[in-house]
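This report refers to the structure that appears directly beneath it.
Protein chains: 2
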Amino acid sequence: MAKEPEDTIASRISRVLADRIVRGELPAGFRLRQDHIAEEFGASHVPVREAFRRLEAQGLAISEPRRGVRVASFDIKEVREVAEMRAALEVLALRHAAKHLTPAILDAAEEATREGDAAADVHAWEEANRRFHRLILTPCNMSRLLASIDDLHAASARFLFSAWRSGWEKRTDHDHRAILVALRQGRAEEAAGILERHVQWIGRAPKSTNKAGENGEAFAIVG
Amino acid sequence: MAKEPEDTIASRISRVLADRIVRGELPAGFRLRQDHIAEEFGASHVPVREAFRRLEAQGLAISEPRRGVRVASFDIKEVREVAEMRAALEVLALRHAAKHLTPAILDAAEEATREGDAAADVHAWEEANRRFHRLILTPCNMSRLLASIDDLHAASARFLFSAWRSGWEKRTDHDHRAILVALRQGRAEEAAGILERHVQWIGRAPKSTNKAGENGEAFAIVG
DNA sequence: GAATCAAAAATTATCTATAATTTTAGAAGG
DNA sequence: CCTTCTAAAATTATAGATAATTTTTGATTC
Chain A
4 MAKEPEDTIA
14 SRISRVLADR
24 IVRGELPAGF
34 RLRQDHIAEE
44 FGASHVPVRE
54 AFRRLEAQGL
64 AISEPRRGVR
74 VASFDIKEVR
84 EVAEMRAALE
94 VLALRHAAKH
104 LTPAILDAAE
114 EATREGDAAA
124 DVHAWEEANR
134 RFHRLILTPC
144 NMSRLLASID
154 DLHAASARFL
164 FSAWRSGWEK
174 RTDHDHRAIL
184 VALRQGRAEE
194 AAGILERHVQ
204 WIGRAPKSTN
214 KAGENGEAFA
224 IVG
Chain B
4 MAKEPEDTIA
14 SRISRVLADR
24 IVRGELPAGF
34 RLRQDHIAEE
44 FGASHVPVRE
54 AFRRLEAQGL
64 AISEPRRGVR
74 VASFDIKEVR
84 EVAEMRAALE
94 VLALRHAAKH
104 LTPAILDAAE
114 EATREGDAAA
124 DVHAWEEANR
134 RFHRLILTPC
144 NMSRLLASID
154 DLHAASARFL
164 FSAWRSGWEK
174 RTDHDHRAIL
184 VALRQGRAEE
194 AAGILERHVQ
204 WIGRAPKSTN
214 KAGENGEAFA
224 IVG
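Here the protein sequences line up with chains A and B, keeping their order.
Adding 3 to a residue's 1-based position in the first sequence gives its number in our numbering.
Adding 3 to a residue's 1-based position in the second sequence gives its number in our numbering.
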């Protein structure tokens with residue numbers, strides 16, 4: 004039978020908690036109490052504490068000595084910061100990945116784009132979006148870089164899910180398609196340029212169709 | 004009396020171990036045994052394990068379930084990866100920091116450069132070098148970005164210390180000075196460009212004065 | 001002498017217990 | 001009704017104990 008990628012209780016707990024935080028099930032500022040979580044997972048608090056250290060490093064939780072751990076809060080300023088870091092690092096990754104991209108990979112990325120366009124809800128869209136980015140960046144073969152991008156992507160997704168209140172409307176991702184066209188034609192620098200702007204857009208453009216004050220503000224969903 | 008920045012045993016252990024790994028006192032591949040470290044610090048292994056999670060996240064150690072934790076190994080490929088990530092992120096930080104730089108900060112950075120040039124050994128040089136970079140980047144006021152840069156800087160320093168075998172010779176850091184000149188004259192983009200090349204140099208230029216095979220290879224010391 | 005195997009020792013991952021600290025709740029006083 | 005204080009409850013951080021796994025050691029065989 005297939006073995007799990009990580010088989011310690013601590014890593015499983017950290018993965019589940021990270022997912023909950025990203026999806027917004029655990030809201031910003033929410034207190035993560037080690038005994039409660041331990042009980043939920045049928046474990047002691049020792050692996051829970053180890054999971055906390057991981058979440059802390061990912062920027063999903065903050066820990067104050069003796070005062071416990073809470074879900075990290077984030078404001079629009081931090082969303083922009085994450086977007087700019089992602090833009091810088093994804094461009095770097097794409098420049099290295101470009102020469103290793105095969106037609107098969109680009110086809111898969113196009114399929115991911117189509118699935119994103121057809122997505123019925125924000126979670127499905129985000130899953131497809133993440134897949135697109137992973138597909139075109141993974142061939143850079145730089146594990147540390149990819150790990151950083153993954154963490155930043157999680158932070159972006161968290162913002163996306165939290166900002167999304169109303170219904171989901173389908174749309175066409177022109178940026179993704181333009182990136183693929185450029186890559187297919189071997190114009191890596193152009194693709195990198197589009198990718199940079201594409202990612203930086205996150206948290207930049209207030210959605211003018213929303214009434215101010217309705218629920219704070221809404222922003223363009225991209226990424 | 005002044006309080007320590009972090010007062011848990013786990014954070015202290017992780018800081019000390021990180022320092023030892025960076026300085027090369029703990030060599031790549033070295034096994035970190037939780038009970039031994041616990042004993043050394045007069046603690047139990049619980050905080051040691053938490054420290055391990057932090058080192059893992061920083062890329063300084065790798066952990067295999069049930070098989071323990073070892074000091075991360077690194078090759079020239081990873082050194083380049085770290086250098087490119089640093090270049091990308093430091094450029095981003097400098098672009099944001101530029102508008103907040105004051106003459107006082109630039110003076111302090113110049114002083115750090117002088118101290119680096121006068122450094123008697125590689126550790127003193129690295130300390131001054133790090134200070135220079137921190138001084139000009141911190142005003143970007145982007146904590147997540149700065150934390151990432153710090154981790155990458157540690158990885159660079161680790162390489163620097165490991166590659167350095169022979170004696171230390173003083174030299175003048177022209178890049179740092181050129182960056183300061185550009186910043187003083189308000190040419191932030193030019194400064195960012197120099198910084199980018201400066202950081203990317205790490206792990207790039209084989210030092211031609213060393214005989215091949217003497218101790219693997221030596222590389223230009225920059226950063 | 002090298003390879004193989006089994007028992008012993010060491011080590012990890014986890015649980016349970018405990019001291020110290022923080023938070024909560026409620027009483028007393030303004 | 002709002003502070004302020006205090007005692008109780010909850011929570012964190014760490015220690016000590018234990019089962020499971022891995023590593024080491026050393027004998028045995030080819």
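Built from N, CA and C at the ideal position, the CB exists for glycine as well.
None of these values were measured; they are calculated from a predicted model.
Item                                                                                                           : Value
Top-ranked residue by Cα proximity to A:Gly27, from A:Ala46, A:Gly45, A:Leu63, A:Ile40                         : A:Leu63
Straight-line Cα distance separating B:Asp124 from A:Gly71                                                     : 42 Å
Min CB distance A:Thr105 to chain B below 9 Å                                                                  : no
Reference A:Asp289, options A:Ile182, A:Arg83, A:Asp22, closest by Cα                                          : The shown model of chain A, from 4 to 226, leaves out residue 289 of chain A, and the question about it has no answer.
Closest residue to A:Asp154 among A:Ser66, A:Ile40, A:Val82, A:Val49 (Cα-Cα distance)                          : A:Val82
Under 9 Å by beta carbon: chain A residues contacting B:Ala81                                                  : First, the residue type needs correcting, since residue 81 of chain B is Glu and not Ala in the sequence shown. The answer, in chain order, is Met145, Ser146, Arg147.
Where the region 86-112 of chain B meets chain A: residues whose CB sits under 7 Å from a CB there             : Glu87, Met88, Ala91, Leu92, Leu95
Among A:Ala158, A:Gly196, A:Glu87, nearest to A:Arg23 - alpha-carbon criterion                                 : A:Ala158
Short CB-CB distance (under 9 Å) between B:Arg56 and chain A                                                   : yes
For B:Phe200, three-class secondary structure by DSSP                                                          : According to the sequence displayed, residue 200 of chain B carries Arg and not Phe. Residue state, collapsed to three classes: helix.
9 Å Cβ cutoff met for A:Ala90 and A:Glu192                                                                     : no
When B:Glu130, B:Glu87, B:Arg57 are compared against B:Ala75, the one with the closest alpha-carbon            : B:Arg57
Below-9 Å beta-carbon distance, A:Thr11 vs any chain B residue                                                 : yes
Whether B:Ile205 touches B:Phe162 by CB criterion (9 Å)                                                        : yes
Cutoff 9 Å: A:Val49 Cβ touching any chain B Cβ                                                                 : yes
B:Ser151, buried or exposed, once every other Cβ within 10 Å from all chains shown has been counted against 16 : buried
Under the three-state DSSP convention, the category B:Glu67 falls into                                         : strand
Chain A contact residues for B:Gly62, given Cβ-Cβ distances below 7 Å                                          : Arg147
Length of the line joining the Cα atoms of B:Met145 and B:Ile16                                                : 26 Å
Contact set for B:Glu87: own chain, Cβ-Cβ below 8 Å, skip 5 residues either direction                          : Gln203
Cβ distance (whole Å) where A:Ala121 is taken to contact A:Lys173 below 8 Å                                    : 7 Å
Coarse secondary structure for B:Leu104, derived from DSSP in three states                                     : coil
A:Arg73 (DSSP reduced to helix, strand or coil)                                                                : strand
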